[in-house]
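Novice: What follows is a structure written as structure tokens; I'll ask about it next.
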Ligand code: SF4
Ligand code: SF4
Ligand code: SF4
Ligand code: FES
């Protein structure tokens, strides 16, 4: 997020696109509702009329996978109506003229045809976002989980630059990060092309720095992403894997392929709380401590680094993951460098961390944006990075004076149809997501009786007209199939979804939605297109 | 422009827009309250917070009274005390004498006020309600309207904090009652089970269902932490008793979320002590006889770690890949990538950032 969560209170207009905020980021969702209560305007653009749509000033339902057309179309209207922020464009951006030319083709009529949003609604949304300022755009996986996810994000940014809605209180571009610590995992370098703080492994200076800090030679070749790892496992190029706390056999697209890939490995070790679908495929399963059993930090979607505190002793013989990785690292060192195993050795390759806090000291020492973070400083409220030094108060709003690259760049992006559109054989569009009571593959929430009571099984959202055509009543069993697999689940007949669209979650092992989804990925962000694939829906 | 007033003979400065209650509390003067909560809009319903103000007739509720220049306030005169006792006596005439087994005991604002004013439990002859206890079938919020004091904090918490409008007051004279929607079940009235109403209820009328009978405020050690589910990063307190997480409570001190939590943050902790938790390392071994499916066998950490190290050491370089976790801490993820890069000599480390 460019702005902090509390900054929602400063917005005049909130534009929520591709985020079912009240279910995926519930407490931000309640903050949006509170903003509407105090009089802020809310625009919701989503293929489903999610809960926020019911309190929105304007709700538009775009056809899944047409966000670029929508966003470019809004920009087109804003330009032609002269609602842009010329001063901001002149002072803080570049590439405007080239970008502007690419918008000419996105006339309201054409955009309406692509997105199936009425022209009048396009005008109303454009006017509200551009003129009732400050405006903030909030988005989530509905924007990113597409083969054009990266370009979707650029199209969002273009709109913010055009209207000067960035870098000020109430004006921001706020991607909502999904999992509790997905932000932090990226920040500290759990990414194939980056060390901590987004320092590139391919960059000589960065690699040099880490080689010195860690006392080893490092590879300059960027590694594999999740999807690439699985493919490499399938092809035998990756032979052993360690999977920590991720149930990829269920959460990733084309689940059967994932399982096959993992079975190809010579050796798989999984660290987990529970015997998940993925753990079952392992050669060794290490019992992990839960978040209640350890010290550490998580970084939330507004870049706030906050404390996790140990409330209870690890259950049974569970160990924290950081201890387990130290244990393995030391044993491997003993195998590969037996000469270094002396207790007196001060070798930088020794893994003798005594506490999570000690690890944070090391993170701060190699990560400019975390330099000023200590457990003492983040004790009460956390700190929002960048925190470049020990006196820095943190950074609630990014880009207030300049962008990371200097000027904000307008990036021309073109509409492109999803990788798999409905056809005669698979006439429905399947879009996927989560629901409020559950999280991901339910390995945790499925073990909370009350949450199971609230949502015990998969329900396929199906439009009443489609249901009538298929002769389906609410609660009837459906068979949903795609080119990759099939799933049986009950119908929820509701106009939350539009014509020809069905929605399913990926929470339930007995209705494995990711058996249906498409692995087609965004070429840059490598995010699979979980929000659109073609399916057939039949009454069972 | 600061506003000057006098509370209990002491000159005090307050800000425009503050209430007498705000000004008193900011200056360390105690005034008891029930329907008031600092996060919610004031309604002046219970009259426990009454004070005497010179040149104003009768006693005035301080929680809704704006400060004004030259105001002279007394918070503890015999008249005030008498009125507060009367308010509490009236509440007790229609309240079960239930503290011994009540969830709220030790954290109940009514109990505290009754204690402070030493109001005796009268032999009440008047009419008493007897609503069915725990009647609402939702999984997380336990309802006992016999303990409701009609302060409407739940109504306001649901509307103002959660942005829902589940609760309302059905006006029926003596039978005034808090109802969900048109007196239906909470879930039917659009409840999202966030638990805010229970968190803001000053008594035992609305309490957390999963932790019933498992301990009261005085039994718990509280440990503040950050939620493990979504990226909002709400903070809350684990309530720990005998080495077990028994309950989650929200706190106004939580910078990101205040008292607001969602259903998963507030009630999604049961997995921690679930019997399905893996508690020992497991190694997959071939079946007992030829043709049997391989099965997991419990092992010591040493055995498991040695096996992992031996196997992984054979695949240093790009034959190895590590999938880190968006659920693990920063410290752990840092070590995962350092391990992959420095020990395994490859950059094949990623996590499910894209899901
Ligand atoms: S609600 Fe308060 S006063 Fe009433 S029985 Fe429970 S603890 Fe006692
Ligand atoms: S649990 Fe939350 S949504 Fe439900 S009634 Fe209480 S405050 Fe409202
Ligand atoms: S309490 Fe709910 S909204 Fe808050 S971090 Fe946890 S899952 Fe997210
Ligand atoms: S606290 Fe002031 S009237 Fe209830």
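Protein chains in written order, with my numbering: chain A, 96 to 635; chain B, 131 to 485.
Glycine included, C-beta positions come from ideal geometry on N, C-alpha and C.
Which residues in chain B have a C-beta closer than 8 Å to the C-beta of residue 336/A? List them in chain order.
Specialist: Translated into the one-based positions of the first chain, residue 336/A becomes position 241. Result: 450, 451, 452 and 453.
Novice: For residue 386/A, would you say it is in contact with chain B, using Cβ-to-Cβ distances shorter than 9 Å as the test?
Specialist: Translated into the one-based positions of the first chain, residue 386/A becomes position 291. Yes, its Cβ sits closer than 9 Å to a Cβ of chain B.
Novice: Is residue 323/B near ligand 2, in the sense that its beta carbon is under 8 Å from a heavy atom of that ligand?
Specialist: Translated into the one-based positions of the second chain, residue 323/B becomes position 193. Yes, ligand 2 has a heavy atom inside 8 Å of this Cβ.
Novice: What's the gap between the Cα of residue 205/B and the Cα of residue 282/B?
Specialist: Counting from 1 along the second chain, the entry for residue 205/B is found at position 75. Counting from 1 along the second chain, the entry for residue 282/B is found at position 152. Their backbone Cα atoms lie some 24 Å apart in a straight line.
Novice: Comparing the C-beta of residue 574/B with each C-beta of chain A, is any distance below 9 Å?
Specialist: The structure shown does not extend to residue 574/B, since chain B spans only 131 to 485, so no value can be given for it.
Novice: Return the chain-ordered list of same chain residues with a C-beta closer than 6 Å to the C-beta of residue 482/A, the five sequence neighbours on each side being excluded.
Specialist: Sequence index remark: in the first chain, residue 482/A carries index 387 (1-based). Result list for residue 482/A: 467, 468 and 489, in chain order.
Novice: So, for residue 382/A: in the same chain, excluding its five sequence neighbours on each side, which residues have a beta-carbon less than 6 Å away from its beta-carbon?
Specialist: The residue labelled residue 382/A in the question sits at position 287 within the first chain. Counting only Cβ-Cβ distances below 6 Å, and skipping sequence neighbours, we find 413.
Novice: Using beta carbons (cut-off 9 Å, strictly below), is residue 281/A in contact with chain D?
Specialist: Of the protein chains in this structure, namely A and B, none is chain D.
Novice: So residue 79/A packs on residue 381/B, CB below 8 Å; how close in whole Å?
Specialist: Residue 79/A lies beyond the stretch modelled for chain A, which goes from 96 to 635, so this question has no answer here.
Novice: Would you report the Cα separation of residue 174/A and residue 146/A, rounded to the nearest angstrom?
Specialist: On the first chain, position 79 is the one that residue 174/A refers to. On the first chain, position 51 is the one that residue 146/A refers to. Those two C-alpha atoms are separated by around 31 Å.
Novice: Would you say the beta carbon of residue 656/A is closer than 8 Å to some non-hydrogen atom of ligand 2?
Specialist: Lying before the first or after the last residue shown, residue 656/A is absent from chain A, which here runs from 96 to 635.
Novice: Please report whether the beta-carbon of residue 456/B lies at a distance below 9 Å from any beta-carbon of chain A.
Specialist: Counting from 1 along the second chain, the entry for residue 456/B is found at position 326. By this cut-off, residue 456/B is an interface position.
Novice: Assess, as a yes-or-no matter, whether the stretch 603-610 of chain A is touched by the stretch 572-584 of chain A under the definition of 3 or more beta carbon pairs within less than 8 Å.
Specialist: Yes: at least three Cβ pairs fall under 8 Å.
Novice: Along chain B, in chain order, which residues have C-beta atoms closer than 8 Å to that of residue 248/A?
Specialist: Indexing the first chain from 1 puts residue 248/A at position 153. Those within 8 Å of residue 248/A in chain B number zero; the least Cβ separation is about 12 Å.
Novice: Name the residue from 208/A, 235/A, 99/A and 152/A whose alpha carbon lies nearest to the alpha carbon of residue 116/A.
Specialist: Here residue 116/A corresponds to residue number 21 of the first chain, with the count starting at 1. With distances taken between Cα atoms, residue 116/A lies closest to 235/A.
Novice: Using 9 Å as the limit for Cβ to Cβ distance, is residue 440/A near chain B?
Specialist: Walking along the first chain from the start, residue 440/A turns up at place 345. Its pLDDT being 46, under 50, residue 440/A is placed unreliably in this model, and the value from its coordinates should be taken loosely. For residue 440/A, the answer is no, since every Cβ of chain B falls outside 9 Å of its Cβ.
Novice: Less than 9 Å separating the beta-carbons of residue 630/A and residue 521/A?
Specialist: For this step, residue 630/A is matched to residue 535 along the first chain. For this step, residue 521/A is matched to residue 426 along the first chain. Yes, the Cβ-Cβ distance between residue 630/A and residue 521/A is below 9 Å.
Novice: Report the rounded CA-to-CA distance for residue 441/A versus residue 310/A, giving the unit in angstroms.
Specialist: Taking the first residue of the first chain as position 1, residue 441/A is located at position 346. Taking the first residue of the first chain as position 1, residue 310/A is located at position 215. At residue 441/A, the pLDDT of 46 sits below 50, so the modelled position is not reliable; the number obtained from the coordinates is stated separately. Looking at the two C-alpha atoms, the distance is approximately 11 Å.
Novice: Which residues share a DSSP beta bridge with residue 401/A?
Specialist: The count along the first chain starts at 1 and reaches residue 401/A at position 306. DSSP output for residue 401/A lists 393/A as bridge partner(s).
Novice: Is residue 358/A close to chain B, meaning its C-beta is less than 9 Å from at least one C-beta of that chain?
Specialist: The residue given as residue 358/A occupies position 263 in the first chain. False, the Cβ-Cβ gap to chain B never drops below 9 Å.
Novice: Roughly how many angstroms lie between the CA atoms of residue 491/A and residue 249/B, to the nearest whole one?
Specialist: Position 396 of the first chain, counted from the start, is the residue given in the question as residue 491/A. Position 119 of the second chain, counted from the start, is the residue given in the question as residue 249/B. Whole-angstrom Cα-Cα distance: 50 Å.
Novice: Would you be able to state if there are at least three C-beta pairs under 8 Å between the stretch 316-336 of chain B and the stretch 264-279 of chain B?
Specialist: Because the criterion of three Cβ pairs below 8 Å is met, the stretch 264-279 of chain B and the stretch 316-336 of chain B touch.
Novice: When the cut-off is 9 Å and only beta carbons count, does residue 343/A lie next to chain B?
Specialist: Counted from its first residue, the first chain places residue 343/A at position 248. Closer than 9 Å to some Cβ of chain B, the Cβ of residue 343/A qualifies, so yes.
Novice: For residue 433/A, which three-state DSSP category applies?
Specialist: Counting from one through the first chain, the residue named residue 433/A turns up at place 338. Residue 433/A: helix per DSSP, three-state reduction.
Novice: What I want to know is whether the C-beta of residue 128/A ends up closer than 8 Å to one or more non-hydrogen atoms of ligand 4.
Specialist: Here residue 128/A corresponds to residue number 33 of the first chain, with the count starting at 1. No, the beta carbon of residue 128/A sits no closer than 8 Å to any heavy atom of ligand 4.
Novice: Is any non-hydrogen atom of ligand 1 found closer than 8 Å to the C-beta of residue 400/A, if you look at the structure I gave you?
Specialist: Mapped onto the first chain, residue 400/A falls at position 305. Checking every heavy atom of ligand 1 against the Cβ of residue 400/A, none is found closer than 8 Å.
Novice: Could you give the residue range of the beta strand (DSSP E) that holds residue 582/A?
Specialist: For the purposes of this step, residue 582/A is taken as the residue at position 487 of the first chain. Looking at the DSSP string, the run of the beta strand (DSSP E) that includes residue 582/A is 581-588.
Novice: How about residue 257/B: is its C-beta nearer than 9 Å to some C-beta of chain A?
Specialist: Start at 1 with the first residue of the second chain, and residue 257/B comes out as number 127. So, not an interface residue.
Novice: Measuring only between beta-carbons, confirm whether residue 274/B sits less than 9 Å from chain A.
Specialist: The sequence position of residue 274/B within the second chain is 144, counting from 1. No, because no Cβ of chain A sits closer than 9 Å to the Cβ of residue 274/B.
Novice: Closer than 7 Å by beta-carbon distance: list the chain A residues that pair up with residue 202/B, in chain order.
Specialist: What you label residue 202/B is simply residue 72 of the second chain in a count that begins at 1. Per Cβ cutoff of 7 Å: no residues; residue 202/B is ~35 Å from chain A at best.
Novice: Under DSSP, the alpha helix (DSSP H) around residue 432/B begins and ends at which residues?
Specialist: Translated into positions along the second chain, residue 432/B becomes position 302. Segment 431-443, the alpha helix (DSSP H) holding residue 432/B.
Novice: Can you tell me the Cα-Cα spacing of residue 477/A and residue 351/B, whole angstroms?
Specialist: Here residue 477/A is taken as the residue at index 382 of the first chain, counted from 1. Here residue 351/B is taken as the residue at index 221 of the second chain, counted from 1. One C-alpha to the other measures close to 22 Å.
Novice: Could you list which residues in chain B have their beta carbon closer than 9 Å to that of residue 466/A, in chain order?
Specialist: On the first chain, residue 466/A is found 371 positions in, with the first residue counted as 1. Going along chain B, no residue has its Cβ under 9 Å from residue 466/A, so there is no contact; the nearest lies around 14 Å.
Novice: Am I right that residue 324/A and residue 333/A are in contact with their C-beta atoms under 8 Å? What's the rounded C-beta distance?
Specialist: Residue 324/A sits at position 229 when you count from the first residue of the first chain. Residue 333/A sits at position 238 when you count from the first residue of the first chain. Rounded, the Cβ-Cβ distance is 6 Å, consistent with contact.
Novice: Tell me whether residue 263/B is buried or exposed, calling it buried when 16 or more other Cβ atoms sit within 10 Å of its Cβ.
Specialist: Translated into positions along the second chain, residue 263/B becomes position 133. With fewer than 16 other Cβ atoms within 10 Å, it is exposed.
Novice: Under 9 Å between C-beta atoms, does residue 108/A make it to chain B?
Specialist: The sequence position of residue 108/A within the first chain is 13, counting from 1. Chain B, which has no Cβ nearer than 9 Å to the Cβ of residue 108/A, makes this no.
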